[in-house]
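Chemist:
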């Protein structure tokens, strides 16, 4: 085998997260792995005639981000159908986007707004009214899914799904009615979202080839944000193996652009043990390859253990049968050496689950099993200690960035100060990883999570956490990279820029380590590399980006800028800098476009140094 690298990246600011070699300027990649990490002089000596060399122009590069909790296999099937308000900061803008999509959507299709947005991110601090929806869409069904708590339907959607005065409320949900008993178009999760998801499922579906195209576009979108790995948490309406055919086809065709480790999510209440008995005899954890592999059970293990993450409603108590239902499943998984994850929002649920875990562990030690809880917003110190004693982990998601205001309304600002108590988890030695829980109950944008972890703010700008509970930027980044490899039993294989590891990395639009905290949420990747191959490129790296077919169908919101929207202030910053440029003459490098220089990760240490006493000093670089 030749020792000549396939790809060399030079002139970058590499944050390797390898403590023995924390910073580098260049890397060499061969056969999908990093082979050398160091200085340009050392790395360029390795180049051969067939080596591709890409200059990163001084940009910050980090290991590819890994989302410990996403629903990409299910979410990808519908991505092309969904208009997204993620990041949109004005309801007026959101409604303009909706009207434009209504105008291009043919009958009998729906317009679906699905994803991570909240009224608190809007300047108007409210959601649209049903009257406003009917005004922009008198005939086209519109379905707006808001987090986990509600859906808003216009009149056309109500008619399409057939909800009338005679439609009963389902268990755990409410069809809001007017004085005459007719549905208004508002559906509430009380406390579970089954009514929301079941109603959404009544809409038209994409044919198979379109679903494959849709999943590719969803992967391309998370690649745009620097994501190269996902632990898929399964989901309702996602049976195994039937509902994995799209992702498996893409894998066979060589069209996966994120690494997927998938967990199997039980589908049948009261028949959960049967599901896991079948699956444990069908597939083994780790089965697959570095791109697509099985990861164990969860996040739903038994239906009676599922508490819900809607802080607008009172905390639900789990049924008395929870322990009896959960124990045989945990016993089976421990016997078969299957790792598992369990959704648990509240400490009360975690306490009861741990009672079961400790009982089973006395008979079947959990040693070597990478099991964990998801979410754990209100977990107590005692239960963190119990998890540590059993060798478990906690995967945290950025739900509080979207629901922080609701949590404070119900429980108070003091209770929110350590919700979840990530710093304590780390201090007590528990394995902690980060993710999004996208796409329905939060945005898929990892930078919102990194903004939340390091600033303690919601997307609406409300500060929740004291300084002592915040993470520094490197620690937060580790939760999105190196730390997450434990959750897929892949430690040492990826998550760092280090010789021998899988060559996954992201080159950033702005320097994560130096931008103001509020600006972290606006970062994207300008080039994302998976296994030594560029899977996304933008701007000066656009020429390296592989082509994919346009989003299908041709009216898909994905063709019209439905991805996560940068904040208007982020766009305005560039304009402000151009305006601030008062030079009598242009500099030789950037002309008068100093904003472009300043925002492109030039090696400048601070704003005053950049502008200098005599105006723009970017000529120096």
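In our numbering, the protein residues as written are 2 to 622.
Where a beta carbon is used, it is the ideal one built from N, C-alpha and C, also for glycine.
All values derive from a computational prediction rather than experimental measurement.
1. Report the three-state DSSP secondary structure of residue 87 (helix, strand or coil).
2. Taking the CB atoms as reference points, tell me whether residue 432 and residue 371 lie closer together than 9 Å.
3. Under a three-way DSSP split, which group does residue 5 fall into?
4. Is residue 389 helix, strand or coil when you go by DSSP?
5. With respect to the beta strand (DSSP E) encompassing residue 514, which residues constitute its N-terminal and C-terminal limits?
6. Which of the three DSSP states is assigned to residue 102 in this structure?
7. On the DSSP letters alone, give me the boundaries of the beta strand (DSSP E) that residue 527 sits inside.
8. In the DSSP assignment, the alpha helix (DSSP H) including residue 75 goes from what residue to what residue?
9. Residue 73: which of 260, 148, 404, 463 sits nearest, CA to CA?
10. Using 10 angstroms around the beta-carbon of residue 269, count the other beta-carbons present and answer buried if the total reaches 16, otherwise exposed.
11. Skipping 5 residues on each side, what residues in its chain have a beta carbon closer than 8 Å to that of residue 168?
12. In terms of alpha-carbon separation, which member of 137, 114, 85 lies closest to residue 104?
13. Let me know the secondary structure DSSP gives residue 18 once reduced to three states.
14. For residue 107, count the other beta carbons within 10 Å of its own beta carbon; 16 or more makes it buried, fewer makes it exposed. Which is it?
15. Given this structure, state the Cα-to-Cα distance separating residue 123 from residue 98, to the nearest angstrom.
16. Tell me which residue opens and which closes the alpha helix (DSSP H) that residue 264 is part of.
17. Does residue 204 come out as helix, strand or coil in the three-state DSSP assignment?
18. Cα separation between residue 156 and residue 140?
19. Return yes when the Cβ of residue 500 is within less than 9 Å of the Cβ of residue 35, no when it is not.
20. Are there 16 or more other CB atoms within 10 angstroms of the CB of residue 129, so buried, or fewer, so exposed?
21. Here's a check: name, in chain order, each residue in its chain whose Cβ is nearer than 7 Å to the Cβ of residue 330, leaving out the five neighbours to either side.
22. Comparing C-alpha positions only, which one of 441, 479, 535 sits nearest to residue 114?
23. Just to confirm the assignment, what range does the alpha helix (DSSP H) spanning residue 41 have?
24. Beta-carbon within less than 6 Å of residue 511's beta-carbon, same chain only, minus the 5 sequence neighbours each way: which residues are those?
25. Using the DSSP secondary-structure output, state which residues sit across from residue 37 in a beta bridge.
26. Can you tell which of 458, 200, 561 has its C-alpha closest to the C-alpha of residue 468?
27. Between which two residues does the alpha helix (DSSP H) holding residue 407 run?
28. Please report the residue range of the beta strand (DSSP E) in which residue 295 lies.
29. Whole angstroms are fine: how far does the CA of residue 94 sit from the CA of residue 562?
30. For the region 5-16 and the region 42-62, state whether three or more C-beta atom pairs, one from each stretch, are separated by less than 8 Å.
31. Residue ranges of each beta strand (DSSP E) run of no fewer than 3 residues wholly in the region 96-155, ordered along the chain?
32. Could you tell me the distance, in whole angstroms, from the CA atom of residue 295 to the CA atom of residue 342?
33. Roughly how many angstroms lie between the CA atoms of residue 567 and residue 212, to the nearest whole one?
34. Within this structure, are the beta carbons of residue 354 and residue 327 separated by less than 9 Å?
35. Is the distance from the Cβ of residue 514 to the Cβ of residue 16 below 9 Å?
36. Between the alpha carbons of residue 111 and residue 143, how many angstroms are there, rounded?
Modeler: Inspection of the coordinates gives the following:
1. Reading the chain shown from its first residue, position 86 is the one you call residue 87. It is coil, neither helix nor strand.
2. Stepping through the chain shown from its first residue, residue 432 is reached at position 431. Stepping through the chain shown from its first residue, residue 371 is reached at position 370. Yes, the pair counts as a contact, with Cβ atoms nearer than the cut-off.
3. Locating residue 5 in the chain shown gives position 4, where the first residue counts as 1. In this structure, residue 5 counts as coil in the three-state DSSP scheme.
4. Your numbering for residue 389 matches position 388 in the chain shown. Helix, per DSSP.
5. The residue labelled residue 514 in the question sits at position 513 within the chain shown. Here residue 514 belongs to no beta strand (DSSP E), and DSSP marks it neither H nor E.
6. Stepping through the chain shown from its first residue, residue 102 is reached at position 101. In the structure shown, residue 102 sits in a helix (DSSP, three-state: H, G or I).
7. The sequence position of residue 527 within the chain shown is 526, counting from 1. Start and end: 526-531.
8. Counted from its first residue, the chain shown places residue 75 at position 74. Segment 73-79, the alpha helix (DSSP H) holding residue 75.
9. Taking the chain shown and counting its residues from 1, one reaches residue 73 at position 72. Ranking 260, 148, 404, 463 by Cα distance to residue 73 puts 260 first.
10. Within the chain shown, residue 269 is the residue found at index 268, counting from 1. Result: exposed.
11. Position 167 of the chain shown, counted from the first residue, corresponds to residue 168. Excluding positions up to five away in sequence, the list reads 176, 184.
12. The sequence position of residue 104 within the chain shown is 103, counting from 1. Ranking the options by Cα distance to residue 104, first place goes to 137.
13. If you number the chain shown from 1, residue 18 lands on position 17. Coil.
14. On the chain shown, position 106 is the one that residue 107 refers to. Exposed: under 16 other Cβ atoms inside 10 Å.
15. Taking the chain shown and counting its residues from 1, the one referred to as residue 123 is at position 122. Taking the chain shown and counting its residues from 1, the one referred to as residue 98 is at position 97. Looking at the two C-alpha atoms, the distance is approximately 14 Å.
16. To locate residue 264, count along the chain shown from 1; it is residue 263. First-last for residue 264: 260-265, but that is the beta strand (DSSP E), not the alpha helix (DSSP H).
17. Working through the chain shown from its first residue, we reach residue 204 at position 203. Coil.
18. Taking the chain shown and counting its residues from 1, one reaches residue 156 at position 155. Taking the chain shown and counting its residues from 1, one reaches residue 140 at position 139. Each residue's Cα considered, the two are about 8 Å apart.
19. Position 34 of the chain shown, counted from the start, is the residue given in the question as residue 35. Position 499 of the chain shown, counted from the start, is the residue given in the question as residue 500. In this structure, residue 500 lies closer than 9 Å to residue 35 by Cβ.
20. Along the chain shown, one-based indexing puts residue 129 at 128. Residue 129 is buried by the Cβ-count criterion.
21. Position 329 of the chain shown, counting from 1, holds the residue named residue 330. Excluding residues within five positions, the ones whose Cβ falls inside 7 Å are 273, 274, 277, 302, 303.
22. As a working mapping, residue 114 is identified with position 113 in the chain shown. Comparing Cα-Cα distances from residue 114 to each of 441, 479, 535, the minimum goes to 441.
23. Within the chain shown, the letter at position 40 stands for residue 41. Residues 41-45.
24. In the chain shown, counting from the first residue as 1, residue 511 sits at position 510. Same-chain partners within the cutoff: 524.
25. Translated into positions along the chain shown, residue 37 becomes position 36. Paired residue(s): 29.
26. One-based indexing of the chain shown puts residue 468 at position 467. Selected option, being the one with the closest Cα: 458.
27. The count along the chain shown starts at 1 and reaches residue 407 at position 406. Where residue 407 is concerned, the enclosing alpha helix (DSSP H) stretches over 400-412.
28. Translated into positions along the chain shown, residue 295 becomes position 294. 293-298 is the span of the beta strand (DSSP E), which, as asked, contains residue 295.
29. As a first step, residue 562 must be located in the chain shown, where it is residue number 561. As a first step, residue 94 must be located in the chain shown, where it is residue number 93. Their backbone Cα atoms lie some 13 Å apart in a straight line.
30. yes
31. 112-116, 143-147, 151-154
32. As a first step, residue 295 must be located in the chain shown, where it is residue number 294. As a first step, residue 342 must be located in the chain shown, where it is residue number 341. Approximately 13 Å between the Cα atoms of the pair.
33. To locate residue 567, count along the chain shown from 1; it is residue 566. To locate residue 212, count along the chain shown from 1; it is residue 211. Rounded to whole angstroms, residue 567 to residue 212 spans 27 Å at the Cα level.
34. As a position in the chain shown, residue 354 is number 353, starting the count at 1. As a position in the chain shown, residue 327 is number 326, starting the count at 1. For residue 354 and residue 327, yes; Cβs fall inside 9 Å.
35. To locate residue 514, count along the chain shown from 1; it is residue 513. To locate residue 16, count along the chain shown from 1; it is residue 15. In contact: residue 514 and residue 16 (Cβ atoms closer than 9 Å).
36. As a first step, residue 111 is located in the chain shown; it is residue number 110 there, counting from the start. As a first step, residue 143 is located in the chain shown; it is residue number 142 there, counting from the start. Using only the alpha carbons, I get a separation of about 6 Å.
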